[in-house]
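A.B. asks: Here the sequence shown stands for residues 0 to 281, numbered as in numbering that gives the first Met the number 0.
Note that CB positions come from ideal geometry on N, CA and C, so glycine has one too.
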Amino acid sequence: MILDGKVVASARKEELKKVLQEFPKQLHLAVILVGNHPASRSYVASKERACHEVGIDSQVIRLDEGITTGELKEVIISLNRDERVDGILVQTPLPDHINEQEILETIDPSKDVDCFHPYNVGRLFLGQPIVQPCTPKGVMEILRYYGIEVSGKKAAVIGRSNIVGKPMAALLLQANATVTICHSRTQNLAEEVKQADIVVAAVGKPRMITQEMIKPGAIVIDVGINRVDDPTTDKGYRLVGDVDFEGVKEVASAITPVPGGVGLMTVAELLWNTYTLARCRS
Ligand SMILES: NC(=O)c1ccc[n+]([C@@H]2O[C@H](COP(=O)([O-])OP(=O)(O)OC[C@H]3O[C@@H](n4cnc5c(N)ncnc54)[C@H](OP(=O)(O)O)[C@@H]3O)[C@@H](O)[C@H]2O)c1
0 MILDGKVVAS ARKEELKKVL QEFPKQLHLA VILVGNHPAS RSYVASKERA
50 CHEVGIDSQV IRLDEGITTG ELKEVIISLN RDERVDGILV QTPLPDHINE
100 QEILETIDPS KDVDCFHPYN VGRLFLGQPI VQPCTPKGVM EILRYYGIEV
150 SGKKAAVIGR SNIVGKPMAA LLLQANATVT ICHSRTQNLA EEVKQADIVV
200 AAVGKPRMIT QEMIKPGAIV IDVGINRVDD PTTDKGYRLV GDVDFEGVKE
250 VASAITPVPG GVGLMTVAEL LWNTYTLARC RS
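(1) Spell out the partners DSSP gives I129 in its beta bridges.
(2) Taking L15 and Y274 to be in contact with their CB atoms under 8 angstroms, please state how far apart those CB atoms are, rounded to whole angstroms.
(3) From V30 to D113, what distance separates their C-alpha atoms?
(4) Alpha carbon to alpha carbon, how far is V266 from E21? Give it in angstroms, no decimals.
(5) Where does K153 sit, in a helix, a strand or coil, going by DSSP?
(6) Locate the beta strand (DSSP E) running through N225, then write down its first and last residues.
(7) Taking the continuous beta strand (DSSP E) assigned at G86, which residues delimit it?
(8) Within the continuous beta strand (DSSP E) that includes I60, where are the two ends?
(9) Rounded C-beta distance between V202 and G158? I'm assuming under 8 angstroms.
(10) What residue ranges within the stretch 154-213 form continuous beta strand (DSSP E) runs of no fewer than 3 residues, ordered along the chain?
(11) Could you compute how far the alpha carbon of Y118 sits from the alpha carbon of P108?
(12) To which residues does DSSP link D111 through a beta bridge?
(13) To the nearest angstrom, how far is the alpha carbon of D63 from that of M167?
(14) Say yes only if the C-beta of N225 is nearer than 7 angstroms to one or more non-hydrogen atoms of ligand 1, and no if none qualify.
(15) Pull up the CB-CB distance for A251 and V219, whole angstroms please, since I reckon it's below 8 angstroms.
(16) Just to confirm my understanding: we take V178, look at its own chain, exclude 5 residues before and 5 after, and list those with CB closer than 7 angstroms. What are they?
(17) Let me check understanding here. Comparing Cα to Cα, which of M212, G240 and T231 lies closest to P205?
(18) Go ahead and pull the three-state DSSP assignment for V222.
(19) By the 10 Å Cβ neighbour count, where 16 or more other Cβ atoms means buried, how is P215 classified, buried or exposed?
(20) Out of curiosity, what's the CA-to-CA distance linking P132 and F115?
(21) Assuming M264 contacts V7 under a Cβ cut-off of 8 angstroms, what Cβ separation, rounded to an integer in Å, is found between them?
(22) Quick test of your reading: V163 and V227, contact by CB under 8 angstroms. State the CB separation rounded to the nearest angstrom.
(23) Can you tell me the Cα-Cα spacing of G246 and I208, whole angstroms?
(24) Any heavy atom of ligand 1 within a distance shorter than 7 angstroms of the CB on S183?
(25) Got a sec, what are the start and stop residues for the beta strand (DSSP E) Y236 sits in?
(26) Span of the alpha helix (DSSP H) holding V33?
(27) For D241, verify whether its CB is less than 7 angstroms away from any heavy atom of ligand 1.
(28) Can you name the start and end residues of the alpha helix (DSSP H) that H116 belongs to?
(29) Determine the DSSP secondary structure at A44, reduced to helix, strand or coil.
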């Protein structure tokens, strides 16, 4: 079975549209984009489009590449104070000279739509989240939509980043999976992954998860988004996941494609987080 992120994301957005019709406040999301990173520009554009689709006001604040950490913090502080603003998102990666952690910690936790502030991360790991990070939440929503049972299953998360791997493991644990977290120092990765009923790949290495590593019948979720050269396309590249889709789909019972999988969910859950924070503050 193909787990279609387009179908689930569209259902999530429709559901939110209905909820927003009953909500007394016009929601407002502020997105900060520093510099001209092409992938970041395209992510921000897709977030703007999605806001428009469900009726959330979005404001993109474009800042010069040369901005200092202090100046960027000032912009965030003024958004923290602005009553109209329900959610603040700083598009990463930031230029190297900016202290990213300091920036993320400047966002008021009650407007932290990405769930990157240590306060929200702490709540997540205590099992008391207000919001959940968008990509791992998107994965859980795909599993929920397709009725895939998580409780009691063995799950392997490959990758331990703060934005995907660690929170993904926390959400699976909260859903009562028995979770193994793999990373670049894991010995016998293939052996670890082969034990799992649910595999979530978040590594950033094209097609590194192959058919032989997957237990027959496992559920495979591919978070990876990697550009590989392809001179036959207009752009000269195409996107592939961390999973070798063609090989793995032959043994998995269900799999997400790239593109058309988790990526679309990330944006849908960002919209939901904007609503959740607004509701909590109202
Ligand atoms: N679909 C979406 O919306 C979405 C959102 C965010 C990210 N992504 C994509 O997801 C992927 C991961 O993103 P990220 O931000 O989590 O990346 P990241 O910060 O670079 O983390 C990669 C993780 O993979 C681990 N790793 C690297 N090589 C490995 C190997 N050979 N075996 C096992 N583990 C290995 C690293 O281990 P160490 O910790 O030991 O270095 C690290 O924990 C990227 O392709 C990214 O584009 C997609």
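C.D. replies: Here's the rundown:
(1) None; I129 has no bridge partner.
(2) 6 angstroms
(3) 11 angstroms
(4) 22 angstroms
(5) strand
(6) N225 to D228
(7) G86 to V89
(8) D56 to L62
(9) 5 angstroms
(10) 177-181 and 197-200
(11) 7 angstroms
(12) I87
(13) 33 angstroms
(14) yes
(15) 4 angstroms
(16) A154, V156, A168, L171 and L172
(17) G240
(18) coil
(19) exposed
(20) 7 angstroms
(21) 6 angstroms
(22) That belief does not hold up - the Cβ atoms of V163 and V227 are roughly 20 angstroms apart, past 8 angstroms.
(23) 9 angstroms
(24) yes
(25) Y236 to V239
(26) V33 -> not in any alpha helix (DSSP H); beta strand (DSSP E) instead, spanning H27 to V33.
(27) yes
(28) No alpha helix (DSSP H) contains H116, which DSSP labels as neither H nor E.
(29) helix
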